[in-house]
Amino acid sequence: MDADLYDEFGNYIGPELDSDDDDDDDEEDGYQDNDGDMNGYDDDDDAQQGDEEEEVSTQAVVLHEDKQYYPSAMDVYGPDVETIVQEEDAQPLTQPIIQPVKVKKFSHVEKDLPITSYQMEFLADLMDAPCLIRNVSLIGHLHHGKSTFVDCLISQTHPEFRTKEEAPVRYTDTLLTESERGLSIKATPITLVLPDVRNKSYLMNIYDTPGHVNFSDEVTAAMRLSDGVVLFVDAAEGVMLNTQRLLKHAVQEKLAVTICINKIDRLMLELKLPPQDAYYKLRHIVEEINSLLLQYTDQENPTVISPLLGNVCFASSQHSLCFTLKSFAKLYSQHYGYDIPLEDFARRLWGDIYFNPRTRKFSKKPPTSTAQRSFVEFILEPLYKIFAHIVGDVDTHLPGLMEDLGIHMSKEESRMNIRGLIKLFMTKFIGDFEGFVDMCVEHIPSPQANGRQKVEVTYTGPLDTELSENMMQCDPEGPLVVHTTKQYPNQEATTFHVFGRVLSGTLHANQDVRVLGEKYTLMDEEDSRILTVGRLWIYEARYNIEVNAVPAGNWVLIEGIDESIVKTATITDLPPSSELQIFRPLKFNTHSVIKIAVEPVNPSELPKMLDGLRKVNKSYPLLSNKVEESGEHVILGTGELYMDCVMHDLRKMYSEIDIKVADPVVSFCETVVDTSSLKCFAETPNKRNKITMIAEPLERGLAEDIEGEIVQINWDRRRLGEFFQTRYDWDLLAARSIWAFGPDHSGPNILVDDTLPSEVDKTLLSGVRDSIVQGFQWGTREGPLCEEPIRNCKFKILDAVIAGEPLHRGGGQVIPTARRVAYSAFLMATPRLMEPYYFVEIQAPADCVSSVYTVLTKRRGHVTQDAPVAGSPLYTIKAFIPAIDSFGFETDLRMHTQGQAFCLSVFHHWQIVPGDPLDKSIVIRPLEPQPATHLAREFMIKTRRRKGLSEDVSINKFFDDPMLLELARQDVTLNYA
Amino acid sequence: MTSAFDNSGEAVIERTIGSNSKYSSYNLELNFELESCVKWILDGQFKKVGLQFPDELLTAAPAVARALTSKLGFHVYILGDTTYGSCCVDEVAAEHVGADSVIHYGRACLSPSRRLPVLYIFTQIAVDEDAVIEGLCRTIDDLNTNLIFTYDAQCFYIADKVANRLREKFPRLIISELIIPSYERKVNKSFINDSSLEDGKNCNGENGSIDNASSVSEKEGYFAFNGRKVKLPENTTLQEYQFIYMGPESLTLTCLSMRFSQQVFYHVNPVDGKVQSITGVKSVMNRSAKLELAKDSEIIGILVGTLGVADYRNIINRIKTIIKSVGKKSYTFVVGKPNEPKLANIPEVDVFVYVSCPETSIVERQTDPALYRKLITPWELEVALLGDQEWSLNFETDFRQLLLGGSRHVEMSEKYKTEETANVSLLTNKTQMLGLRNDTDMDARLSNASGTMVLADGSNMSLIHVGGGGEALKGKSWQGLDPSLPAPVNLGTVVEGFKGIAAGYDRET
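Chains as they are written, first to last, in the working numbering: chain R, 59 to 1035; chain S, 783 to 1291.
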């Protein structure tokens, strides 16, 4: 610092500096406000200064109000910038000024590719060998240990995978909601390389599915992509509701069935059964499944399962234990070092076979009265011993046992708690789940071997074309065909990745493909789009392995083509082979009967909600949406839990807005229980045509046959007639003159032309056939009672007068009239309402059974069966309950039984609601429970209100004046007209 | 017995109108304002005047016509049976007699028409002022509420008076004015400034063509909606206001409440002063289901419901372009007043866009469920098909707002082409396609169809439009008049035919 430029206080006293210091400038200007601070404030505004300088120089008197001390915002920022001054805090205190970036997280994801016991390249190489691939779905009842079983497979292949001791990780339950609820919601696939008993590696594509009956639709989607299933059965609980249903479904889908009896530890630790009884229990389960299989397969040679055949394995996934007879036999041979033939030994380990230690031979007769069956002696007793030693006396007996078996544990390991110890012991003792892999490899065909079956069951096109041949051969060189059944949302839940199976050809990343939707047919090619595939992955639940190409036989997760896919799709390459048709849409084993109406809290957010609705529709296979004419947006699902999950996704994942939900209701149906009391006729508005019809109920079981597509309208007349003649005793004439099913091609109503050629001009009538069918379809789609579909109803055309001139019998005249006459015939045939019924299976301890009955009776339910479960203190109660009264049933049940009862319910059938819906003498008072005979009326009126219809059915609307006169003449008591 | 299924119009024909005591003893002079009618006719030097009456006033028509004839010295014409809604001026009917002007009696939607000079006589309904004011005061608690006063055209004569009295109670009340379209005759400029119009209560001095009117009113800070305008004080927005509607329950109220569905409407009955507060949110939300219907449909019909409202041709052209741009097909139909049997003759069409005046374009569900299901408004079509037209709670019934210069106009060039997008339909739960395919194959087919000449014989028709109207046409039993047939050679002599109306001729019954 130059000392003489500053005074003793450090102030500058030197010559004037040539800097643009504002202080100095202003001083020079003789600016009024000499305060340096003040100038520093507005020094960045030269224009402003200039103005003031001028004012100063004019020395004019400036009025107080004209004085401008500070520049206005416009002066500072220019005219283009809008300035807002807020005096109050518009932002609430709780809201941060700078919002942190919001990260949406709905699922567990691995950050990096985890380390696996095999090379990823090896996995990819295996994909090229279809004979080494197995596509398997794990199915079974709720909490029978499917997801935990997958955990064991993961821990064997992912060395870094650690399970927590208290609760299993459930690797395939990727969604946060799944782990919170403690049950699987979505079917999740995982691909692993696993060795079989001979240490040969196979590529196992495993689909872990939810066990709750509400989510059976996910199972259906998973099964479509698989060649076989492993049915999980809890050893203690035995065959349960969903076990049965899924078994039936798998048989219907023509999949190979194998069984895994899981949780065998429960027999030892929880039920404490002696080994002999444990064997009986296991045998009972096997027999039960066999009898079910016999029932579901009415072929000559039904599928049989037995441990002896190798398609049953035993497991305790919690303790990492899994074996088949063969893999246990291998243990013996390894331990004793004998080279015994595994197959032969395994064959002697189940059934009434005993080992005679003296002769060292197996025999069918017990050598001594105390002798145990070989399964007990060689398998169960050693396991019991292990469990007993670990649970009972770790310090004294376990080391000896370990020495015998040649198992080593570090000090630290042996100090673990019991559960961890059993698990570790079993891992070391039994080893990998070779038995399971062996079972899958032996009894579930490879994609190549199952190709023909798969194509026959799922493909709509002809089977004798070259293309079908390629699919059956699972040919990676053939034309590309991919079948997709599920969509998984991406991390941010903005778009979907599509999951499917390559049936023929090879799918490459960034390839142009043609996506065919469910509406696509060779005639109507509207529902198809050309899109570009993005990346491809192998889906591994919590991580994905990116691949460049996926050959036939494999599962693949596809990016970038979700836009046009709603539920399932068929994907081909370009140019599309002209003959390709689509795969059948999924055929579910349950119905969506629960309805909720949703509405945004803020009406202007409707578009957002609609967007969300479209997305949940994609993500749930059986979910369907409806927009009522009253503008109500309705979601249809299978049950309460299902709807709860849908609403969670809708509110949190896909639309992020507040949504109001109306009380849940159910779908109804309308039906008749009698034949129309008189012939109903109606004239067209131009009075030149007259149609006469009557309505009557269908034969029992026929509606289900039509819905199950056991009989189809597009069969030729002869075959159709034969079906009705033989199965339902129709006369030849009626059977040959079936015009239509309705409302759709598989709707449970029939339109029959019952006119006689001598009375009616058949050629004229056939001229308006399409119009009458349309009127019938329209009428059955929304019945006259409350615009719900008509069911179980046969409409007969008895007479028809049709105008000769085409002009006078146009659709405009005939269609509404046909509908009107169908309605009047319906109303004259004692109309009734039908409601869906649930089948409920309840498990409860004996002392709770009576309270279960109480709860059921309160809700119009009735018990069909109530029996103790063999080998457990529980009772199983089977009951029917109306779906509309089932809301909150589970909670109610648990409350009445102190949480000891557990139930599952699933749609079973339609049943007539008691009471006459048209009885006007019934007064429905608000907030009062109605007696049974008033229910039909109540349901009808409430449904009408919800739909914005007039309170009561105006019968007159459907009857012509002459018809009403006719009614009066015949003195028909139309008490509700 | 009116029924939704038998909507042949019989009911209208058989309805007895004659003994309407309300108008039997009325004063022609007062109700039909004969004085101002005569003045208007004489001033305009009109020679042939059509008198248009709605159905309920038809009984009074002869008397009015007689009175006018005697005063004018030449005949006037009664236009019965309006082609479309009776709220619009039926110019087509007027042209049948070659009328050079029309006097429209009764309620009017005030949609501007193009061709003829029109005088609106709203006819008056009784208003119990005290009851109205009392009723409103009882319902609206906060005296400082921002209110806009709207009213039915039939209450127009007294609206100012009521509003001024109300303003004493509610200081923040503003009154809306009717925009009464009147025809500007270029040859007769002086006519516009004629002071005589001012004493005729029905013309509030708002002259000039409608375009001028609305642009002028916007300049003056007016906000125009549904044939009305209101001047909002500065720094206030419409959102802050609630509405009062004085008049009988009518489609006007429905339209208004749907247009401002977020605001509360206090509907006051002029006869007994009963007040109901209503909002249109429910109706707007209910109609949202239609958007999905429009998106799902493959063939859209354009139903012409007016031949009088200005710009109807422009909107039809615009709708055609929009429908084409998203890869759907459109056909235009003129069926007069639509009803269910008429529309059922065209089963191929999934949904109809109803081009008509704001009030007739809304069909309420209670009145005709079958029609309600099939008809949508042009605005709804644009929301469904045009990505840029956003859905909102302000339901636009006036199609003129969608055109260039309107408040709801969105840009759309002639060569507009939407990229194909697919989505999930909430009605069918299947894929829903919107937009044109970027498919060269398709393009080729299209250009082929339009570019080359094809010999039009019957079999080729369906070949040209595969899957379209050609196929449907072929399937029909009656395909219309065949131009290739030779004209009939011997035309008979003219004989007297049936008498009566088409639904039932005299001789038939």
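Using N, Cα and C, we set each Cβ at its ideal position, and we do this for glycine too. It should be emphasised that the depicted structure is a prediction, and the values quoted were computed from it without experimental measurement.
Item to check | In DSSP terms, what G862 (chain S) is bridged to | outcome: Note: G862 (chain S) sits in no beta bridge, so no partner.
Next on the checklist: At the 7 Å Cβ level, is R282 (chain R) part of the contact set with chain S, yes or no?
Outcome noted: It does not: the Cβ of R282 (chain R) has no partner Cβ on chain S nearer than 7 Å.
Item to check | Neighbourhood of T1061 (chain S) by C-beta distance below 8 Å, restricted to the same chain and skipping five residues each side | outcome: The residues are S1039, S1043, Q1044, Q1045, V1046, F1047.
Item to check | Where the alpha helix (DSSP H) through C498 (chain R) begins and ends | outcome: First-last of the alpha helix (DSSP H) with C498 (chain R): 492-501.
Checklist entry - Mind pulling the chain R residues with CB within less than 8 Å of M1067 (chain S)? => result Result: E657, P661, L664, G689.
Checklist entry - Looking at K1119 (chain S) and the ligand COA, is the gap between the Cβ and the nearest heavy atom below 6 Å? => result The ligand COA is not part of the structure shown, which contains no ligands of any sort.
Next on the checklist: Let me see if you follow: with CB-CB separation under 7 Å, is T1159 (chain S) close to chain R or not?
Outcome noted: T1159 (chain S) does not count as touching chain R.
Checklist entry - In chain S, which residues lie less than 8 Å from G672 (chain R) when you measure between Cβ atoms? => result In the sequence as presented, Gly is not what sits at residue 672 (chain R); that position holds Arg. Those are N1205, V1206, L1208, listed as they occur along chain S.
Checklist entry - Which term fits K388 (chain R), buried or exposed, when burial requires 16 or more other beta carbons within 10 angstroms of its beta carbon? => result The C-beta of K388 (chain R) has 16 or more other C-beta atoms within 10 Å across all chains shown, which makes the residue buried.
Checklist entry - Is W613 (chain R) buried or exposed, if buried means 16 or more other CB atoms sit within 10 Å of its CB? => result By the C-beta density criterion, W613 (chain R) is buried, having at least 16 other C-beta atoms within 10 angstroms.
Item to check | Contact with chain R by S1143 (chain S), beta-carbon distance below 7 Å | outcome: Interface with chain R (7 Å Cβ-Cβ cutoff): S1143 (chain S) is excluded.
Checklist entry - Is it right to say Q936 (chain S) is buried, meaning 16 or more other beta carbons lie within 10 angstroms of its own, or is it exposed? => result Within 10 angstroms of the beta-carbon of Q936 (chain S) lie 16 or more other beta-carbons, which makes it buried.
Checklist entry - From A761 (chain R) to H377 (chain R), what distance separates their C-alpha atoms? => result A761 (chain R) and H377 (chain R): Cα-Cα distance of roughly 48 Å.
Checklist entry - Any idea which residues DSSP pairs Q901 (chain R) with across the strands? => result Beta-bridge pairing links Q901 (chain R) to R:T934, R:F960.
Checklist entry - Mind pulling the chain S residues with CB within less than 8 Å of V859 (chain R)? => result Below the 8 Å Cβ cutoff, chain S contributes no neighbours of V859 (chain R), its closest Cβ being approximately 18 Å away.
Checklist entry - Roughly how many whole angstroms lie between the Cα atoms of C919 (chain S) and V1057 (chain S)? => result Each residue's CA atom was taken as its position, placing C919 (chain S) and V1057 (chain S) some 10 Å apart.
Checklist entry - Pick from S:A890, S:S852, S:I1082, S:L1035: whose alpha carbon is nearest that of P1109 (chain S)? => result The sequence shown places Gly at residue 1109 (chain S), not Pro. With distances taken between Cα atoms, G1109 (chain S) lies closest to S:I1082.
Checklist entry - Is the stretch 266-285 of chain R close to the stretch 955-967 of chain R, with three or more CB pairs under 8 Å? => result With the rule of 3 Cβ pairs closer than 8 Å, the stretch 266-285 of chain R counts as touching the stretch 955-967 of chain R.
Checklist entry - Within this structure, are the beta carbons of K645 (chain R) and L694 (chain R) separated by less than 7 Å? => result Taking 7 Å as the Cβ cut-off, K645 (chain R) and L694 (chain R) do not qualify as a contacting pair.
Checklist entry - Closer than 8 Å, Cβ to any Cβ of chain S: which residues of the stretch 584-608 of chain R, in chain order? => result Taking 8 Å as the Cβ-Cβ cut-off against chain S, the residues of the stretch 584-608 of chain R that qualify are E584, D585, R587, I588.
Item to check | DSSP three-state assignment for T1222 (chain S), whether helix, strand or coil | outcome: The pLDDT assigned to T1222 (chain S) is 44, lower than 50, so where the model puts this residue is not dependable; a value taken from the coordinates is nonetheless given after this. T1222 (chain S): helix per DSSP, three-state reduction.
Next on the checklist: If we define contact as Cβ-Cβ less than 7 Å, is K204 (chain R) a contact residue for chain S?
Outcome noted: Not one chain S Cβ lies under 7 Å of K204 (chain R).
Checklist entry - How should F413 (chain R) be labelled, buried or exposed, when 16 other C-beta atoms within 10 angstroms of its C-beta is the threshold for buried? => result F413 (chain R) should be labelled buried.
Next on the checklist: Considering only their Cβ atoms, is the gap separating F290 (chain R) from N263 (chain R) smaller than 7 Å?
Outcome noted: Result no, Cβ atoms of N263 (chain R) and F290 (chain R) do not sit closer than 7 Å.
Item to check | N926 (chain S): contacting residues in chain R (beta-carbon distance under 8 Å) | outcome: Here the premise fails: no neighbours, minimum Cβ distance about 21 Å.
Checklist entry - By the 10 Å Cβ neighbour count, where 16 or more other Cβ atoms means buried, how is H122 (chain R) classified, buried or exposed? => result Flag for H122 (chain R) reads exposed.
Item to check | Between the CA atoms of M892 (chain R) and D732 (chain R) - distance to the nearest angstrom | outcome: Cα atoms of D732 (chain R) and M892 (chain R): separation of roughly 15 Å, rounded to the nearest angstrom.
Item to check | Identity of the residues DSSP links to A908 (chain S) by a beta bridge | outcome: Residue pairing of A908 (chain S) in beta bridges, as defined by DSSP: absent, with no partner found.
Checklist entry - Using CA coordinates, which residue listed in S:N1099, S:H878, S:C870 is at the minimum distance from P836 (chain S)? => result Minimum Cα distance to P836 (chain S) is reached at S:C870.
Checklist entry - Between which two residues does the beta strand (DSSP E) harbouring C738 (chain R) extend? => result Secondary structure note for C738 (chain R): its beta strand (DSSP E) is the uninterrupted segment 738-741.
Item to check | Interface partners of K258 (chain R) on chain S, CB under 9 Å | outcome: Neighbours of K258 (chain R) across chain S, judged by C-beta separation under 9 Å, do not exist; the nearest C-beta is about 44 Å away.
Checklist entry - Could one say the Cβ of M1243 (chain S) lies closer than 7 Å to chain R's Cβ atoms, at least one of them? => result Because M1243 (chain S) carries a pLDDT of 43, less than 50, the predicted location of this residue cannot be relied on, and no value is offered for it.
Next on the checklist: Considering only their Cβ atoms, is the gap separating I939 (chain R) from V898 (chain R) smaller than 7 Å?
Outcome noted: Yes, they are a contact pair.
Item to check | Between the CA atoms of Y1136 (chain S) and I1158 (chain S) - distance to the nearest angstrom | outcome: C-alpha separation (whole angstroms): 6 Å.
Checklist entry - Which runs of the alpha helix (DSSP H), 4 residues or longer, sit entirely within the stretch 669-708 of chain R? => result The qualifying runs are 698-706.
Item to check | Helix, strand or coil at P440 (chain R) [DSSP, three-state] | outcome: It is helical.
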